[in-house]
Amino acid sequence: MESTGGEEARPALLPPPVQELARVQGATDGVPSRYVAREAGHDDDDPKATVAAPIPVIDLGRLCRPGGGCADDEAAKLRLALQSWGLFLVANHGIEASLMAAVMDASSEFFRQPLHEKQKHSNMIDGKRFQFEGYGNDVEVVSEDQILDWSDRLYLKVEPQTEKNLALWPTCLR
């Protein structure tokens, strides 16, 4: 968090990267409880209370098609996906398969690197302040009991070129 009104900046709480947790814990220990989302009103110890549903798929071809009810129906699906999940899969986006494969290969190369190499591109400034761009967790962690996403991510700005921070870009993605 940044300093406000004379207060000193408080370092963000840094959970270990998920890849490291998975490596250390192994498959038999399961996912730590702070990474398990629960439905409201359910006992935290009830494993059946875990939210499980298919990720919504949005068809950009239908969404962008003028006229008819297809675009309206797809827009309603998009709105619901954003309200309930906060994310969605995209179908019929028009990106060439070869480009998608190249991006997946480069991403895999980055995430296979040792932790100390990935952390060179951290989303933490001086280990204290969270920024969206870079390698790390999805959100700033503000409390020890905050539910976290079971993911590590690399978020990089591509456009506009003037906002592209190449210092955070791994060599395999430049």
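In the UniProt record's numbering, the protein residues as written are 1 to 174. We put the beta carbon where it would ideally sit given N, CA and C, even for glycine. Only a predicted model underlies this, so the values are computations on that prediction, with no experimental measurement involved.
Could you name each continuous beta strand (DSSP E) segment of 3 residues or more that falls completely within the region 57-119, going from the start of the chain to the end? Those beta strand (DSSP E) runs which fall completely within the region 57-119 and span 3+ residues are 57-59 and 89-91.
In whole angstroms, what is the alpha-carbon distance linking V158 and L87? Residue numbering aside, residue 158 sits at position 158 when the sequence shown is read from its first letter. Residue numbering aside, residue 87 sits at position 87 when the sequence shown is read from its first letter. If you draw a straight line from the Cα of V158 to the Cα of L87, it comes to about 20 Å.
Of the residues A76, R65 and A81, which one's Cα is nearest the Cα of A53? Start at 1 with the first residue of the sequence shown, and residue 53 comes out as number 53. Comparing Cα positions, the closest option is A81.
Just verifying my parser: in three-state terms, what is the DSSP assignment at S151? For this step, residue 151 is matched to residue 151 along the sequence shown. Of the three classes helix, strand and coil, the one that applies to S151 here is coil, per DSSP.
Report the rounded CA-to-CA distance for I58 versus R79, giving the unit in angstroms. The count along the sequence shown starts at 1 and reaches residue 58 at position 58. The count along the sequence shown starts at 1 and reaches residue 79 at position 79. Each residue's alpha carbon lies about 10 Å from the other.
Going by C-alpha distance, which of L148, L166 and H93 is nearest residue 184? This structure cannot settle anything about residue 184, because the visible part of the chain is limited to 1 through 174.
Kindly indicate the opening and closing residues of the beta strand (DSSP E) around G136. What you label residue 136 is simply residue 136 of the sequence shown in a count that begins at 1. G134 to G136 is the span of the beta strand (DSSP E), which, as asked, contains G136.
Considering only residues of the same chain and omitting the five flanking positions on each side of M93, which have a CB-CB separation below 8 Å? For the purposes of this step, residue 93 is taken as residue 93 along the sequence shown, with counting starting at 1. Rather than Met, the amino acid found at residue 93 in this sequence is His. Excluding residues within five positions, the ones whose Cβ falls inside 8 Å are L60.
Measuring alpha carbon to alpha carbon, tell me which residue in T171, L21 and P16 is nearest S108. Walking along the sequence shown from the start, residue 108 turns up at place 108. Ranking T171, L21 and P16 by Cα distance to S108 puts T171 first.
Pairwise C-alpha distance: G69 and Q133: Residue mapping note: residue 133 aligns to position 133 of the sequence shown, counting from 1. Residue mapping note: residue 69 aligns to position 69 of the sequence shown, counting from 1. Correcting the residue type first, residue 133 is Glu in the shown sequence and not Gln. Cα-Cα distance, rounded: 38 Å.
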